[in-house]
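First the structure, in the form of structure tokens, and then the observations on it.
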Amino acid sequence: MLALFLILLCSPFITDAVNRDNFKRCDQSSFCRRCRGMEAGKTPYQLLPDKLVQNESMIMVDLFNKDTGVTYVVQLITLKESTFRLHINEKNPLHPRYENEHALHDQPQTVEMDVVESTAETITVTKGDNKAVLYINPFRVELYSQGVLTISANARGLMRFEHLRTKPVKPEGENAETAETNNNNNNNTYPGDGADNDSGAWEENFKEHHDAKPYGPEAVAMDFSFPGSEHAYGIPEHADSLALQSTKSTDPYRLYNLDVFEYETNERMALYGAIPVLYAHGKERSSAVFWHNTAETWVDILSSADNNVVESIVNFVSGSTKKSQVDAHFMSESGVIDVFFMLGPKPLDVFKQFIVLTGTAPLPQMFALGYHQSRWNYNDQDDVATIAESFDTHDIPLEVMWLDIEYTDNKKYFTWDPRKFPNPLEMIHNLTAKGRKLVVIIDPHIKRDTNYFLHNDATRLGYYIKNRDGKDYEGWCWPGASSYLDFFDPKVIEYYTGLYSLDKFHGTTNDVYIWNDMNEPSVFNGPEITAPKDLVHYGGWEHRDVHNINGHMYIRSTYEALFRRSGGSLRPFVLTRSFFAGSQRYAAMWTGDNTADWSHLRVSYPMCLSVAISGISFCGADVGGFFKNPDSELFIRWYQAATWLPFFRQHSHIETRRREPWTFNEEVTQIVREALRMRYSYLPLWYTLFREHEVNGYPVIRPLWAHYPTESGTFTIDDHLLLGDSILVRPVLQSSATEVAVYFPGEGKITWYDIDTMQAYEKGGYVKLPVTIHKIPVFQRSGSIVPRKMRIRRSTVAMRNDPYTLIIIADNNGKASGNLYIDDEISFEYRHGKYLYLRLTLDGNKITSTLIDKLASYETQSWLERIDIANPPQGMKSAQLESHSVGKATLETTYNPHNNVLTIRKPAVNMGEEWTIELLH
């Protein structure tokens, strides 16, 4: 067995590509085969309107399957933010079906329906400008926004809801006719859906693994159509383009959290996380569906280009004309049909509608937005100290040193290797003395070792996930034989959160934060490198029901543990590999074990944009690639690109060469240093956007179509991103590039300015620009004000009280605006009104700073050092400041005719004050 483990352990690192045989295709998954095999236009479902019940925000009506004789209950609920919820479950199931309780931020807020109308053909619910129409026979649902059909459910008749049933009696010892009679008389066993005839309905094998499937077939599926939409987005995580591709001739996109060694790009294969939200967008509107299901899910995507999909829609709106359309088909192994329809109509509207359901990310500490240095593994505490000191030697800022699994005592988490890390507190204090932090990894696999307190406690208390026979499940991971805590059990959560207290996790302080890896969960000898589906969790739920939210439950507990550790005063920082909808409430994520390859650099932008619009803004990719070794050019380009992703960490495999920023040559070091210094100068903008995300739900990074929704040229661009709405980034993603094509959105009505030279670009659409190795194209939008800090120090702690510089770019009307958020950068005091939220404006010759939230207050030592105004009003020769503390003061100005920038030096006003600066001739 040990030999097998070693083979499994080493195999990921000796291949050149993912081993596809380890992972299922749709045709190897019985429920995917059944759902995908549905014939369009033959839906057996019809409503029974005589059973209609309603209250102020919900209607409830029975739904009948004519093929099986099974009755279901349909609930349609009106929610805030132009959202409807459709819920379907069996009326009398043999036993409860799993319904997810953990993705939603809170119970969704209902709103009162305006009108409910019922006819012989339809039931119509109206709320404001939105309405839902339920067609009785055959059953389908149409959602209208502002009088326009926006989403249709079951329009193609692909809904499937496999009722729970008892296992058919085998014909052994009796003739087939008697067996058939017994099966038909068996309670809750009906003919008609064909599931029992599927070879994998009641048990299923994949390679050497057997799935007992004690409850038999229980799949749910539904199709959705988006008339007028041109592209679909979302359903992360996949190493693929942002705009989803047709699956007509391929496998569907798969959502099943898996540890895929050396994953490949341009693939629909499942990866570490799963967020079953799908956005559809066209020139007229955006909309979305959230398929609220935590089981394995496959999603087919079609568009109107796929052989007249529009004509295949059954009973669609009579007389409708052919136009662009996106179609999707969600198929899950178990659970119920619980879907949220979000009707937009604009991209930012629909992003917010989803985030209202699943919650926003809490504002991170400022250090988390800086630069993180990691590898598997730094050798010992002297190695950690040397690396940290080398950042100072090379004048490169650094926030966090990271430790991978080798810091532990023989892979036992919450312990330290006594030889390599004999005095972890000394190591931590050496870091914190310079404003830095430490992150250590804690994985979910628990070493089965009778000399390990955690294993002994979990065994004694019954805290492990169980096999079907009720015994503790044992799998293989980094420690060898391992078991897994059941984070669906409240007692386990309470126990686990206590492990992080400083009196139990010895050698740590409040400056040590946590990295949760391998939490899909990764099981080296399990089916598809994960846990068997027929394991049993707290409450009797099978792992198949909850697999995709397993990692979410783990990080939720870790977040709570760190919150409690500081008595609720410090904002936790957690990094996760596995995630589900709503995981943004607890952790940042990264794109997993990528490779030092240009294609992986390229895909980091669409992967992070995809999760950002799906709720998780705090995304990054391992800089330089986890596997293999980048050359100097790729190394440089990766740093330049990663500067503009929210989570910024270098990390690499244990067998790679050392690759700290100074490990190539002086030129590389200098270019990387400049990229990092650029990141730090923009931290005020990053911090403001993260706070605004917490308030309004908008993604921190955004695809171009989010702000230019009618500009079709933006719809498939995913090698650019917008930071907020003011910064446009186009990284260099190809080797030996001497020019890149930059798309300037705004159709020529907006001017974009190079952030280094202030060169203006007024033409919209693609423009080819020359590039050198020293920088990538980054631009600021006209009409915006961006706050920066230009004094770059060793860490954000050292920069906390440093002064601000405002970069103002006037539009053609002489106006510009922007926001700035300031607080203590570490605590939750901002939730008690201890902050500053400023509105910065330029209007003609006046620049003002006003408090947006006048009831909030925070005493900052930061002051205003400089203002640069591009495209300023002409002929200005001086400026006058007016504020409460200063009164009136004349300020020095200079004008640079080469880049048309007016500079105001040292206004020296405290950033907590309201002030006005008037430009004078």
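Under mature numbering (1 follows the signal peptide of the UniProt record, and there is no 0), the residues of the sequence shown are numbered -17 to -1, 1 to 904, in order.
We put the beta carbon where it would ideally sit given N, CA and C, even for glycine.
Going by DSSP in three states, E364 sits in which element: helix, strand or coil?
Reading off the sequence shown, one finds Gln at residue 364, where the question assumed Glu. The answer is helix: DSSP assigns Q364 an H, G or I state.
Within its chain, find whatever has a CB closer than 8 Å to the CB of Y246; leave out the 5 residues flanking it on each side and keep chain order.
Around Y246, the same chain offers V1, A222, M252, L254, G575, D576 and N577 as residues with beta carbons nearer than 8 Å, after the five sequence neighbours per side are excluded.
Going by CA-CA distance only, name the one from H535, A799, G509 and P515 that's closest to G256.
Per the Cα distances, H535.
Can you tell me whether R674 is helix, strand or coil according to DSSP?
Note: R674 maps to helix in three-state DSSP.
Sequence-distant residues of the same chain with beta carbon closer than 7 Å to Y670, five excluded per side
The residues are M349, L352 and Y804.
Fully enclosed by the region 658 to 734, which alpha helix (DSSP H) runs are 4 residues long or longer?
Runs found: 666 to 679.
W385 and W274 look like a contact to me (Cβ under 8 Å); what is the Cβ gap, rounded to whole Å?
No, W385 and W274 are not in contact; Cβ-Cβ is about 35 Å, not under 8 Å.
Identify, in the order they occur along the chain, each residue of the same chain with its Cβ nearer than 6 Å to the Cβ of Y396, setting aside the five sequence neighbours on each side.
Excluding positions up to five away in sequence, the list reads I425.
Under the three-state DSSP convention, the category W459 falls into
Per DSSP, reduced to three states, the secondary structure at W459 is strand.
Minimum length 3: unbroken beta strand (DSSP E) runs contained in the region 835 to 874:
You should have 847 to 853 and 861 to 866.
Where the alpha helix (DSSP H) through M252 begins and ends
Here M252 belongs to no alpha helix (DSSP H), and DSSP marks it neither H nor E.
From A184, W573, G608 and F563, pick the residue whose C-alpha is nearest to that of H583; which is it?
Closest by C-alpha distance to H583, out of A184, W573, G608 and F563, is G608.
Going by DSSP in three states, E897 sits in which element: helix, strand or coil?
The answer is coil: DSSP assigns E897 none of H, G, I, E or B.
Applying the criterion that 16 or more other CB atoms from any shown protein chain within 10 Å of the CB defines a buried residue, is K153 buried or exposed?
An exposed status is given to K153, since fewer than 16 other beta-carbon atoms sit within 10 Å of its beta-carbon.
I71: which of Y588, V322 and T280 sits nearest, CA to CA?
For I71, the nearest C-alpha among the options comes from V322.
Below 7 Å CB to CB, which residues in the same chain sit around G696 once its five sequence neighbours on both sides are set aside?
For G696, the CB contacts under 7 Å within the same chain, skipping 5 residues up- and downstream, are Y726 and G748 in chain order.
In the DSSP assignment, the beta strand (DSSP E) including F207 goes from what residue to what residue?
Annotation for F207: the continuous beta strand (DSSP E) segment containing it runs V203 to P210.
Please return the same chain residues whose Cβ sits closer than 8 Å to the Cβ of G177, not counting the five positions on each side in sequence.
Contacts found: R17.
Beta-carbon proximity list for G680, same chain, < 7 Å, skipping 5 on both sides:
Excluding its 5 nearest sequence neighbours in each direction, G680 has C-beta neighbours in its own chain below 7 Å: F334, K335, I338, V339 and T343, listed in chain order.
Which whole-angstrom value is the C-beta distance of S135 and N113, which I expect to be below 8 Å?
With 8 Å as the limit, S135 and N113 do not qualify as a contact, their Cβ atoms being about 14 Å apart.
Which residue from A464, H355 and A271 puts its Cα closest to that of S65?
Taking only the C-alpha atoms, the option nearest S65 is A271.
Taking Y820 and G895 to be in contact with their CB atoms under 8 Å, please state how far apart those CB atoms are, rounded to whole angstroms.
Contact doesn't hold; Cβ gap of about 11 Å is too wide.
Once the 5 residues before and after H312 are set aside, which same chain residues still bring their CB inside 6 Å of it?
Within the same chain, Cβ atoms closer than 6 Å to the Cβ of H312 are found at L141, D206 and D283, the five residues on either side in sequence being excluded.
What would DSSP say about V651, mapped onto helix, strand or coil?
In this structure, V651 counts as helix in the three-state DSSP scheme.
Based on the DSSP output, what are the partners of Y100 in its beta bridges?
Before going further, note that residue 100 is Glu rather than Tyr in the sequence given. Per DSSP, T107.
Under 8 Å by Cβ, that's how I've got S868 and Y787 pegged, so tell me the actual separation to the nearest angstrom.
Taking 8 Å as the upper bound for CB-CB distance, S868 and Y787 are not in contact here, some 16 Å apart.
Could you pull out every residue in the same chain whose Cβ sits closer than 6 Å to the Cβ of H526, ignoring the five residues on either side in sequence?
Contacts found: A514, K516 and L518.
Could you say if the region 628 to 636 and the region 356 to 366 meet the contact criterion of at least three C-beta pairs nearer than 8 Å?
Judged by Cβ distances under 8 Å, the region 628 to 636 makes contact with the region 356 to 366, as three or more pairs qualify.
Answer yes or no: does any C-beta atom of chain B fall closer than 8 Å to that of W498?
Going by chain labels, chain B is absent from the structure shown, which holds only one protein chain.
Quick one: give me the first and last residue of the alpha helix (DSSP H) that N2 is part of.
That residue, N2, is in no alpha helix (DSSP H); it is neither H nor E in DSSP.
Would you check if the distance between the CB atom of V108 and the CB atom of L69 is smaller than 8 Å?
No. Outside cutoff.
Rounded to whole angstroms, what's the CA-CA distance from D826 to A86? Just pull it up for me.
Rounded to whole angstroms, the gap between the alpha carbons of D826 and A86 is 44 Å.
Whole-angstrom Cβ separation of V683 and L672, contact assumed at under 8 Å?
Yes, V683 and L672 are in contact; Cβ-Cβ is about 5 Å, under 8 Å.
Check A311 in the structure and name its three-state DSSP category.
A311: strand per DSSP, three-state reduction.
Run through DSSP, which three-state label would F67 get?
It is a strand residue.
Using the Cβ count rule (16 or more neighbours within 10 Å means buried), how would you classify N291?
In this prediction, N291 scores a pLDDT of 47, lower than 50, which makes its location untrustworthy; no coordinate-derived value is stated.
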